[in-house]
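Everything on this sheet refers to the single structure shown next.
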Amino acid sequence: MQLKGKAHIFTNDVNTDDIIASKYKSSTTDMLEMSKYLMGNIDPDFVRRIAPGDFIVAGSNFGCGSSRETAPRVIRLAGLSAVLAKGFARIFFRNAINVGLPVVECDTDKIKGGDQLEVDLSAGLVRNITQETEIKIAPLPPVMLELLNDGGLSEHFKKHGTFHLQSIREEK
Numbered sequence: 580m581q582l583k584g585k586a587h588i589f590t591n592d593v594n595t596d597d598i599i600a601s602k603y604k605s606s607t608t609d610m611l612e613m614s615k616y617l618m619g620n621i622d623p624d625f626v627r628r629i630a631p632g633d634f635i636v637a638g639s640n641f642g643c644g645s646s647r648e649t650a651p652r653v654i655r656l657a658g659l660s661a662v663l664a665k666g667f668a669r670i671f672f673r674n675a676i677n678v679g680l681p682v683v684e685c686d687t688d689k690i691k692g693g694d695q696l697e698v699d700l701s702a703g704l705v706r707n708i709t710q711e712t713e714i715k716i717a718p719l720p721p722v723m724l725e726l727l728n729d730g731g732l733s734e735h736f737k738k739h740g741t742f743h744l745q746s747i748r749e750e751k
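Residue 580 is where the sequence shown starts when you use the working numbering, and the numbers rise one by one after that.
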């Protein structure tokens, strides 16, 4: 799976209420409407600057806080292709995979806002086109790639009618 877009930089400890403020979660159940307020607590103009395929790039502990799937879901619905961070809250990481949002753990220190990136999840590589550098990442396990390719866990179940992972069958 290859992804391309521009980097948008955030710091450490971005929590789920920073990603989507609770005031929006309580005012509507329309996830697409909520995605218009993505990162609004930190940067109210964020959604006006992003383009489909862009990336959130952050420090450590991204997605700490609430365990709801709302935060990764609105990131995906806003059109961002992935989140790259030094580290993720465990429940956010798993929720992201469940909703079909790629999450990449890597050293983000040298990525600057506006850098054009290419992320190859299968090969385990982040290419910074702007700076002409590469960051090696651990490739995601085949099981996670398969879920992401299907659009997340729910879409996987819709497609196969069960938890049917070809990647597990091929490993046996």
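For each residue, glycine too, the CB sits at the ideal point set by N, CA and C.
State buried or exposed for residue i, treating a residue as buried only when at least 16 other CB atoms are found within 10 Å of its CB.
i	result
Arg627	exposed
Pro757	No information on residue 757 is available, as it lies outside the stretch 580 to 751 that the chain covers here.
His739	exposed
Gly693	exposed
Ala630	exposed
Lys751	At Lys751 the pLDDT is 48, less than 50, meaning the model places this residue with poor confidence and gives no usable figure here.
Thr649	buried
Arg655	buried
Compute the Euclidean distance between the alpha carbons of residue i and residue j, then round it to the nearest angstrom.
i	j	result
Lys689	Lys715	13 Å
Ala702	Pro623	35 Å
Lys585	Phe625	13 Å
Asp686	Ala664	7 Å
Thr590	Gln710	20 Å
Glu612	Arg652	12 Å
Leu719	Lys602	34 Å
Ala657	Ser646	20 Å
Gly632	Phe672	19 Å
Return helix, strand or coil for residue i, following the three-state DSSP convention.
i	result
Asp699	strand
Asn677	helix
Asn620	coil
Val722	helix
Leu663	strand
Ile690	coil
Asn728	helix
Met712	Position check: residue 712 holds Thr in this sequence, whereas Met was assumed. Correct three-state label for Thr712: strand.
Arg647	coil
Val593	coil
Phe641	strand
Phe742	coil
Ile629	coil
Write down the C-beta distance between residue i and residue j rounded to the nearest angstrom, noting that I regard them as a contact closer than 8 Å.
i	j	result
Leu732	Asn677	4 Å
Gly642	Phe667	5 Å
Given 8 Å, three or more beta-carbon pairs between the stretch 588-601 and the stretch 707-726: With a cut-off of 8 Å, the stretch 707-726 and the stretch 588-601 do not count as touching, because too few Cβ pairs lie within range.
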